[in-house]
Each structure stands twice: as structure tokens, then as C-alpha cells.
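Take a look at the structure set out below.
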Amino acid sequence: TEKKPKVLVARKTFPDIVERLRPHFEVETNDSEDGWPQAELIRRLQGKAGVYIAGGEKIDQILLDACPALKVISTMAVGYNNIDVPACTARGVLVTNAPDVLTETTADFGFALMMAAARRIAESEHFLRRGEWKQWSVTMFAGSDVHGATLGILGMGRIGQAIAKRGALGFGMQVIYHNRSRLPAEQEAPLNARWVEKEELLRQADHLVLVLPYSPAVHHIIGARELALMKPTATLTNIARGGIVDDAALAQALAAGTIAAAGLDVYEGEPALNPALLTVPNIVLTPHIASASIPTRRAMSGLAVDNLIAALTGGKPPTPLNPEVLGRS
Ligand code: 8YV
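Okay, here's the thing in C-alpha cells:
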């Protein structure tokens, strides 16, 4: 009898979803909540044909060279800046990600973070918890309006468009966006959305939300210079990736009143945080949970498993990133 291929589930996930792999593969799982150190990941990948990962595992040339049996990398994230896709393609390794299933949940969270920043929800809660609420005042934690304001979106992909839809249809916002490519007019119209240059986006947005994929080309694309172009009443929300924002410059801008408030779900060097971010009050900070609803995390995990099964059993993986690999034997 032919032996089943071996796969590694490098991130602990829903046990019933992992079960779906067992009829097809010999499965090794990570049962701790933490990712493995790189050397450990490489060691456990020996002889494995496929691996299930999340956004945190680094798949680079060194790992690929050290794991010649590896044929498929399936991430449960939509973002894949942790994976050297060209290096995988060069070696005939298929990479799949998990788009679409997290779009609406992530847009919900981006909107929530933006609203929390605008209306100073975290800041005022901390004040309350510290026992500092002694009297009511007219301007106490008065923030800025979300409804009717100008929503700026940097990165108008699936999640950006879902945020625009919330702003335009639910909150009567004007939407401006900047993206490498402009949406066709029939897609812009229902979102009340207008493409603008990046500088105009920074100058005009009342609430700026970052939803672009990370690449070295966009490292610190929001730094001191860009923050200085924004309105002093504006908010900045980052649900994209750490490194897009210069966190040190942001902390400084918030302390100086260059902008009013920020909402961050992602950080440079996370899970470590630039300590300066913790010293400014006008910021709401969450630990990379924008896609974290149970149904969505189950859907992401399920899609990653579907991709792994299809790719290694001669099927058609639903969401390949380098489908050109599939034709090769
Ligand atoms: C994930 C994400 O939670 O999909 C992404 O790109 O950043 C998040 O949805 C995380 O990367 C785990 O896969």
C-alpha cells in the first residue's frame, strides 16, 4: 500500500478542521499556542510535503533549501509578506492563501477601530477604570464625527472596498482612496468613491484607514512627513501590516497633536510594540485581531485545509498564489 504524504500543521487551530486532513495525510500538529522558532520549524518540516501556516511563519530561501520534500505552503492568512513567493515558484513549490473569507469581518473591525479612535472609546474607558471620573463636562472626551465625514482609504482591494461600502452606505461618508490601480467607474459609483493622489488623500481625509498589502516598497509609507500633511483633527487606522506606518513617528505625532487619534491592530516587530505607543493616550491598540471572529477564523482555517488537500491529492486548489506551478510535474 502507498504511504500517505506527510503534512505539518504549524499553528494550532480548530481540531475538527485539522481532522479533515487525516484521511489524506499523516498529520503532525503544533499543540502549543505559540509558533515554533525557525530552526524547530525547519526540523519538523523534514519529509513533509505540505505545511499549514498562519501569518507569522517565515518561509524564505533558507527554509526552502533545507526542506526539499516540501511541495505546498498553505497559509490561513490573506496577507503573504511572510512568504518568499518568487523563491517558492522557482522551486516549484505551490503557495496558497485565504482571501475573501475574511473580507467582511476585517472591514467590520477596521470600521470599529476607526470609530473607537474618532470617539475616544478606549481612552475614555481607561479614564473610567482609573477611577478618574468625578464630574461630567461638555467637552469631556469630545471627539470627531464619523458620519458625514471624509473617509480616506489607502489600498482599495477587497477589504478597502468593504470598508468604503460601510462608510458610504451606512454613515453617509464621502470616500476618497489611493491605490496603484483605479477602480472602474461602475465600481466607484456605488461606493461614492473617488481616486486621489496620495498627498491629497492625506490632506483631505478626516479618517484614514490603511488596508494595503505590505512589501518593502511601502515600508514607512506613513511617516513624519505624511502625518504632518494630515488634518490635526484626523484619525489614522492601520489594519494592514506593521511596518507600513513608522510607529515612532506616529507616537510623536499623536503626542504633539499633529493628528487627533489612531487605531492600530498591527505593529512593526509585533508582538513587541514600540513602547512610545503605550505612552500616548489618544490611541486604541489591539493585538492583530481584525479577522478574529470565530466563524471567520474557522473559514480561513477551512480554506487553508481545502487548499492543502486539493494541492496534494491532484485536485484544484481554490486559492493558489502561484498557479503557474501547478502545470509543472
Ligand atoms: C491573520 C492577517 O489573523 O490574513 C491576514 O493577512 O493578517 C490576519 O487575518 C493572521 O495573519 C493569521 O493568519
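Here the UniProt record's numbering is used: position 229 in the sequence shown is 231, and no number is missing along the way.
Built from N, CA and C at the ideal position, the CB exists for glycine as well.
1) In three-state DSSP terms, what is residue 112?
2) Does the beta carbon of residue 293 fall short of 7 Å from some heavy atom of ligand 3?
3) Would you mind stating whether residue 103 and residue 82 have Cβ atoms separated by less than 8 Å?
4) In three-state terms, what does DSSP make of residue 330?
5) Would you call the segment 145–165 and the segment 211–220 in contact, with 3 or more CB pairs under 8 Å?
6) Reducing DSSP to helix, strand and coil, say where residue 76 ends up.
7) Can you tell which of 163, 325, 145 has the C-alpha that lies nearest to the C-alpha of residue 236?
8) Between the C-alpha atoms of residue 21 and residue 15, what's the straight-line distance to the nearest angstrom?
9) On a CA-only basis, which of 176, 139, 290 is nearest residue 148? Give me that one, please.
10) Which residue from 152, 127, 132, 150 puts its Cα closest to that of residue 143?
11) Between which two residues does the beta strand (DSSP E) carrying residue 42 extend?
12) Helix, strand or coil: which one does DSSP assign to residue 207?
13) Can you list, in chain order, the stretches of the beta strand (DSSP E) that have 3 or more residues and sit fully within the segment 270–321?
14) Just list the residues that DSSP pairs residue 180 with in beta bridges.
15) Using 7 Å as the cut-off, classify the Cβ of residue 290 as near or not near the heavy atoms of ligand 1, replying yes or no.
16) Measuring CA to CA, which of 78, 252, 224 is closest to residue 286?
17) Of the choices 89, 92, 76, whose alpha-carbon is the least far from that of residue 99?
18) Does the segment 318–325 come into contact with the segment 107–126, if we say contact requires no fewer than three beta-carbon pairs (one atom in each stretch) closer than 8 Å?
19) Per DSSP, residue 85 is paired with what?
20) Please confirm whether any heavy atom of ligand 1 lies closer than 7 Å to the CB of residue 104.
21) Cα-Cα, which of 160, 72, 186 is closest to residue 89?
22) Among residues of its own chain, excluding the 5 on either side of residue 69, which ones have a beta-carbon nearer than 6 Å to its beta-carbon?
23) Near residue 121, which residues of its chain fall below 7 Å by C-beta distance, leaving aside the five closest residues on each side in sequence?
24) Measure from the alpha carbon of residue 189 to the alpha carbon of each residue in 101, 37, 26, 160, then state which is nearest.
25) Quick test of your reading: residue 209 and residue 116, contact by CB under 8 Å. State the CB separation rounded to the nearest angstrom.
26) According to DSSP, is residue 28 helix, strand or coil?
27) Measure how close the beta-carbons of residue 241 and residue 268 come, nearest whole angstrom, since I'm counting them as under 8 Å.
28) Can you confirm whether the segment 305–317 touches the segment 276–293 when touching is taken to mean that 3 or more C-beta pairs between the two stretches lie within less than 8 Å?
29) Please confirm whether residue 197 has its beta-carbon closer than 8 Å to some beta-carbon of chain B.
Looking at the atomic coordinates:
1) helix
2) Absence of ligand 3 is noted for the structure shown, with ligand 1 being the only ligands found.
3) no
4) coil
5) yes
6) strand
7) 145
8) 11 Å
9) 176
10) 127
11) It is not in any beta strand (DSSP E) - residue 42 instead sits in the alpha helix (DSSP H) that spans 40–46.
12) coil
13) 285–287
14) 156
15) yes
16) 252
17) 76
18) no
19) 61
20) yes
21) 72
22) 47
23) 145
24) 160
25) 5 Å
26) strand
27) 7 Å
28) no
29) Among the protein chains of the structure shown there is no chain B, as only one such chain exists.
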